[in-house]
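Trainee: Position in the sequence shown counted from 1, then plus 301, gives you the working numbering.
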Amino acid sequence: MLAETQQLRKTPISSLALEHPGIIDVFRKFRINYASQGKLTFNEACRRAGADEISVLIAMQEAANNEMQVPLRTQDWSLELIHVFIVQNHHRYVRRVGPELLQILAEMELAHNIRHADLTSVRLELERFLNALEDHMRREELVIFPAIQWLVQQQRAGASRITSVGFRLGYSVKRMETEHDDAVENFDRIRALACDFEAPAWCGPSYSALMQRLRELEADLHTHMHLENNVLFPKALALEASLLHEAELTF
């Protein structure tokens with residue numbers, strides 16, 4: 302069951318998504334950005350999305366009551382498990398699916414260029430999006446995740462060794478979060494160009510399948526950003542702060 306309405310309205314939407322994974326589909330339906338704006342309270346998130354609070358609350362309660370999905374409980378995962386999961390599950394998915402979608406879009410342009418010229422715009426926007434996301438993921442894999450793993454190793458070895466660190470996560474995490482906001486906004490443009498991923502009546506099954514795959518990529522993007530912004534980064538920053546505090550106490 303969800304919390305009382307007044308308490309819920311002041312709850313960050315990231316907390317709601319973590320506690321009740323079944324309501325994530327509700328957030329998506331109402332275009333509530335739980336992924337990169339998870340720190341917003343429920344009422345503020347609804348306001349920004351232009352969504353009616355009562356309608357969202359009713360849909361959330363129904364989803365919570367009918368929730369059958371077993372949550373991953375990612376908030377209980379170790380930092381090491383989280384960043385490995387992100388690379389193996391989300392990064393690899395994007396790198397596999399992205400080129401496939403670009404190829405399909407190019408083929409669709411030839412088949413539908415007379416009746417659906419916007420496909421070219423979708424392909425070009427998706428290509429820009431994927432290039433920026435690849436750069437973002439590489440910096441996570443080469444800088445952010447190794448830094449987090451280093452913190453984990455220092456915790457295992459002894460807190461006082463944190464005094465040797467020359468790199469702080471705070472700035473880099475802020476940059477990653479800003480890029481997450483940009484990524485969500487960029488994909489919103491793709492959605493708009495693709496008519497909300499709805500296939501026109503005259504299109505065949507291959508076009509409908511393409512729209513479904515774009516929806517799946519969007520859902521994966523939101524899940525990926527949610528896991529980093531609302532679980533991985535807060536846990537890593539808390540560990541860093543704890544180790545720095547412990548180190549200060551030893552001197």
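Glycine included, every Cβ here is placed at the ideal spot set by N, Cα and C. Fair warning: this is a prediction, and the values are worked out from it, not measured in the lab.
Helix, strand or coil for THR479? Go by DSSP, reduced to three states.
Mentor: Correct three-state label for THR479: helix.
Trainee: Do you know offhand how far LEU538's Cα is from HIS527's?
Mentor: Using only the alpha carbons, I get a separation of about 16 Å.
Trainee: Here's the rule: buried if 16 or more other CB atoms are within 10 angstroms of the residue's CB, otherwise exposed. What is THR479?
Mentor: Exposed is the call here.
Trainee: At which residues does the alpha helix (DSSP H) containing ARG457 begin and terminate?
Mentor: Taken as a continuous stretch (DSSP letters only), the alpha helix (DSSP H) holding ARG457 covers 446-458.
Trainee: Could you compute how far the alpha carbon of SER465 sits from the alpha carbon of ASP436?
Mentor: Because SER465 sits at a pLDDT of 47, beneath the cut-off of 50, its placement in the model cannot be relied upon, and the following sentence gives the value as read from the coordinates. Computed Cα separation, rounded: 29 Å.
Trainee: With DSSP as the reference, label THR342 as helix, strand or coil.
Mentor: Three-state DSSP puts THR342 in a strand.
Trainee: Relative to the alpha-carbon of PRO535, which residue among LYS340, GLY399 and GLU354 has its alpha-carbon at the smallest distance?
Mentor: Ranking the options by Cα distance to PRO535, first place goes to LYS340.
Trainee: Look up PRO501 in the DSSP assignment and say whether it is helix, strand or coil.
Mentor: PRO501: coil per DSSP, three-state reduction.
Trainee: Is LEU319 close to chain D? Criterion is C-beta to C-beta, closer than 7 Å.
Mentor: Checking the listed chains, one finds no chain D in this structure; it contains a single protein chain.
Trainee: For PRO322 and ASP521, what's the separation of their Cα atoms in angstroms?
Mentor: For PRO322 and ASP521, the distance between alpha carbons rounds to 14 Å.
Trainee: Mind checking which residues open and close the alpha helix (DSSP H) that includes THR524?
Mentor: From DSSP, the alpha helix (DSSP H) with THR524 extends over 506-528.
Trainee: To the nearest angstrom, how far is the alpha carbon of GLU444 from that of GLU428?
Mentor: A quick correction: the sequence has Val, not Glu, at residue 444. Looking at the two C-alpha atoms, the distance is approximately 24 Å.
Trainee: Comparing C-alpha positions only, which one of ASN344, LEU403, LEU319 and ASP326 sits nearest to ARG310?
Mentor: Looking at the Cα atoms, ASN344 is the closest of the given residues.
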